[in-house]
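Q: Dropping a structure here in structure tokens format, bear with me for questions.
Numbering (mature numbering (1 follows the signal peptide of the UniProt record, and there is no 0)), first residue to last: -16 to -1, 1 to 511.
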């Protein structure tokens, strides 16, 4: 880590005065600044701050070694090793949407970014918003431009933190040679970064008791798992789950599967009794290629510390803190999953081969070339995408939101339905999975042809998310709580608008009855 240090002799007195400098428990950090028109505060950026030492492959991360000279933290660090599976068309599609510009990758990746107003903190300190990126726990990177928290800090007077974590085999190896509590390394990385915030965020003007976690997709799932992991005194007080949760799911096996691990060890000729030591010697690029070429899946295992077999039961029994929740989905969350599928009949047969009655029911509800309740003229691809959206996102998120409400936690729900060509890599994806992030962070401005609606809706969302973080038990994001009135879901972007339109959730979720029995069976499996 010596090359990271910025010797004092090179700073110069004038330079030292102009750069933001913070002293934390491990040493001194020297960041950089940025500013925006009409913002009341310059933003201090601390990019690539180590919250852990460079990890040993397949090992738990440890706190970083303190440094003695000021550490320059003005450049984003590489992503952890990512996995984008073949075939080539699918790989290119996913990378174009979620990995541009492509970052460098490294196993030395456990760094976080901090965006803080340069102004004097308010009484009690700044509210802190901690972002966890999505990517199926296969890919993602806290340093992507879409996650730049500068505008949130500048315009909304909050501190934004984002952190990397290990993914795929590097984060969830499922090795039989590792102890159970050494399997979910990525989740432990998140816990370590959260502890770093508790220990150090006050040095940046933040209040460690006013932390809100927010994330999209797998990031939201991870936050849900963190909520379950801390039955008492969680290191955050509120959560925003965007198109993701980890409670309503098929019952996981209590013993982890080693099938994918065995595939890797066999392919790389690491089968002589010391698989772990052998794979630790394989170049990361070679290991990454095996994962991607064979489309191998590495997921969290049940250890009942970071990932539980019964999150629903724990919430039902009051063993999960009633953390205030803002949650929602996008109108076309499923569109990215079906770009190359066109035949609805074949799709239903592949998903429900033994249920002709259910296939008929879904086929009628999402019939091709008919106008249905959401006003869309369906073709095969759109119909399949709508099924994925309802089954995998909207309906399950609605059920989750109501569970949280019934448990006694203040709960708000949104529904994002806006489309902007300048942030669509591929046309006709609609309000695709993750599009709302550009609006919440106001990071669409890096693109051309920004529309008036885009600017206005972004202002609404960029204000609502921090408002919730600042007052999660009171006014929240600024609209009706779930269950408080008949119209209790906030529509964002409806009919080309820039504000919030309220709608009864029953009207929005008119097809969710189709999946109720499936979701109920998932929950029954946890009992």
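Yeah, the Cβ is synthetic: ideal placement off N, Cα and C, and Gly gets one too. All values derive from a computational prediction rather than experimental measurement.
(1) On a CA-only basis, which of 22, 32, 24 is nearest residue 13? Give me that one, please.
(2) For residue 102, collect the residues of the same chain with a Cβ closer than 8 Å to its Cβ; drop the 5 residues on either side in sequence, then sort them by chain order.
(3) Taking residue 245 as the reference, give the member of 280, 221, 269, 116 with the closest Cα.
(4) According to DSSP, is residue 517 helix, strand or coil?
(5) Give the C-beta separation of residue 98 and residue 188 to the nearest angstrom, bearing in mind that I take them to be a contact with Cβ-Cβ under 8 Å.
(6) Can you confirm whether the segment 263 to 276 touches the segment 415 to 422 when touching is taken to mean that 3 or more C-beta pairs between the two stretches lie within less than 8 Å?
(7) With a CB to CB cut of under 7 Å and the five nearest residues on each side skipped, what residues in its chain are close to residue 205?
(8) Determine the direct distance from the alpha carbon of residue 499 to that of residue 352, and round the result to whole angstroms.
(9) Do residue 41 and residue 264 have their C-beta atoms closer together than 7 Å?
(10) Report yes or no: do three or more beta-carbon pairs, one from the segment 360 to 374 and one from the segment 199 to 216, lie closer than 8 Å?
(11) Contact between the segment 165 to 176 and the segment 289 to 302 is defined here as three or more beta-carbon pairs at a separation below 8 Å; is this criterion met?
(12) Could you give the C-beta distance for residue 323 and residue 77, rounded to a whole number, given that I count them as a contact under 8 Å?
(13) Cα separation between residue 137 and residue 116?
(14) Taking residue 151 as the reference, which of 184, 134, 95, 65 has the closest Cα?
(15) Residue 109 to residue 453, Cα distance in whole Å?
(16) Buried or exposed for residue 82, please, with buried defined as at least 16 other CB atoms from any protein chain shown within 10 angstroms of its CB.
(17) What did DSSP end up calling residue 116 once you bin it into helix, strand or coil?
(18) Taking buried to mean at least 16 other C-beta atoms within 10 Å of its own C-beta, is residue 449 buried or exposed?
(19) Kindly indicate the opening and closing residues of the alpha helix (DSSP H) around residue 176.
(20) Run through DSSP, which three-state label would residue 393 get?
(21) Could you check whether the Cβ of residue 109 sits closer than 6 Å to any heavy atom belonging to the ligand FAD?
(22) Determine the DSSP secondary structure at residue 17, reduced to helix, strand or coil.
(23) By the three-class DSSP mapping on this structure, what secondary structure does residue 405 have?
(24) Under 8 Å, with one C-beta from each stretch per pair, do the segment 319 to 339 and the segment 378 to 392 reach the 3-pair mark?
(25) Residue 296 and residue 232 look like a contact to me (Cβ under 8 Å); what is the Cβ gap, rounded to whole Å?
(26) Any idea which residues DSSP pairs residue 56 with across the strands?
(27) In angstroms, rounded to a whole number, what distance separates the CA positions of residue 111 and residue 507?
(28) Classify residue 497 as buried or exposed, calling it buried when 16 or more other Cβ atoms lie within 10 Å of its own Cβ.
(29) Spatial neighbours of residue 426 within its chain, please: C-beta separation below 6 Å, excluding the five flanking residues on both sides.
(30) Among 251, 143, 327, 234, which residue has its Cα nearest to the Cα of residue 286?
(31) Taking residue 460 as part of the alpha helix (DSSP H), name the residues at either end of that continuous run.
(32) Checking 7 Å against the spacing of the C-beta atoms, do residue 90 and residue 48 come in under that value?
(33) Helix, strand or coil for residue 507? Go by DSSP, reduced to three states.
(34) Are the Cβ atoms of residue 46 and residue 56 separated by less than 7 Å?
(35) By a C-beta neighbour count over all protein chains shown, 10 Å radius and 16 as the cutoff for buried, is residue 409 buried or exposed?
(36) Determine the extent of the beta strand (DSSP E) in which residue 197 is found, giving its start and end residues.
A: This is what the structure gives:
(1) 32
(2) 4, 17, 25, 26, 27, 28
(3) 280
(4) Given a span of -16 to 511 for the chain in the structure shown, any question on residue 517 remains unanswerable.
(5) 6 Å
(6) no
(7) 228, 229, 230
(8) 20 Å
(9) yes
(10) no
(11) yes
(12) 6 Å
(13) 17 Å
(14) 65
(15) 13 Å
(16) buried
(17) strand
(18) buried
(19) 169 to 184
(20) coil
(21) Because no ligand of any kind appears in the structure shown, any question about the ligand FAD cannot be addressed here.
(22) strand
(23) helix
(24) no
(25) 7 Å
(26) 14
(27) 35 Å
(28) exposed
(29) 135, 442, 446
(30) 234
(31) That residue, residue 460, is in no alpha helix (DSSP H); it is neither H nor E in DSSP.
(32) no
(33) helix
(34) no
(35) exposed
(36) 190 to 200
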